[in-house]
Amino acid sequence: IMDSGERVAQLLDYLQSSLFEVEQMLCHLGDYEQLLNNVRDTMEKLEYKYNQMIIEDRNLKSLLQVVNTLVNKLDLDPAVPRILRNYELEGHMNIESCTNAAHQLQKACNVELPPGLSLLQAVADQKKYFKSLISTFSQRLMTFLIERFKEQVCICPYLACSS
15 IMDSGERVAQ
25 LLDYLQSSLF
35 EVEQMLCHLG
45 DYEQLLNNVR
55 DTMEKLEYKY
65 NQMIIEDRNL
75 KSLLQVVNTL
85 VNKLDLDPAV
95 PRILRNYELE
105 GHMNIESCTN
115 AAHQLQKACN
125 VELPPGLSLL
135 QAVADQKKYF
145 KSLISTFSQR
155 LMTFLIERFK
165 EQVCICPYLA
175 CSS
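This is the structure in structure tokens:
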């Protein structure tokens with residue numbers, strides 16, 4: 015019986031140490047579970063940020079495409095303003111150059127833009143620049159035509175020339 019009492023005491027010691035080890039394992043498992051939860055939360059945040067980056071990338075590409083289209087529609091050949099401001103309005107080649115430049119300016123002025131893009135400052139500035147070119151060329155053309163009309167009136171023998 016004494017042997018069995020000692021054996022029971024040993025078994026109780028083993029059980030006690032086993033319970034202690036189980037509690038330690040449970041603590042470690044709890045720590046691991048907490049770490050896994052943190053990793054899962056971090057992964058969810060990373061996935062959300064990645065998805066946001068994909069959306070931002072698509073938006074930036076779309077914006078770049080719109081801006082490129084806008085620039086292509088509102089950009090004039092650098093020669094157009096020079097021609098409209100400086101070319102003499104006499105001679106076949108000059109008249110043809112001025113006519114082509116005026117058509118290019120008219121095309122740029124009449125371009126259809128989505129409503130939101132018309133509100134951009136750069137678009138407003140470009141349209142203001144176009145109006146300035148139109149005004150300058152119109153004034154030059156009007157002065158030229160008035161001078162030619164006066165010349166024709168003076169040349170006509172039936173009309174009196176008064177300058």
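Counting from 15, one number per residue, gives the positions in the sequence shown under this note's numbering. Glycine residues also receive a C-beta, built at the ideal position from the N, C-alpha and C atoms. Here the structure is a predicted model, which means the values were calculated and not measured.
The segment 105 to 125 in contact with the segment 58 to 68 per 3-pair CB rule at 8 Å: Of all C-beta pairs linking the segment 105 to 125 to the segment 58 to 68, fewer than three are shorter than 8 Å, placing the two stretches out of contact.
Secondary structure of LEU103, DSSP reduced to three states: coil
Where VAL125 sits in the DSSP three-state scheme: Correct three-state label for VAL125: coil.
At least 3 beta-carbon pairs within less than 8 Å: the segment 125 to 139 vs the segment 73 to 93: yes
Nearest neighbour of LEU103, chosen from SER76, LEU133, LEU134 and GLN153 [CA to CA]: Nearest option by C-alpha distance: GLN153.
Within the segment 60 to 106, ranges of the alpha helix (DSSP H) (whole runs, at least 4 residues): 93 to 100
CA-to-CA distance, PRO95 to ASN108, given in whole angstroms: 14 Å
ILE97 beta carbon less than 8 Å from that of SER9: In this structure the chain extends from 15 to 177, so residue 9 is not present and cannot be described.
Buried or exposed by the 16-neighbour rule on C-beta atoms within 10 Å, applied to GLN140: Its Cβ being crowded by 16 or more others within 10 Å, GLN140 is buried.
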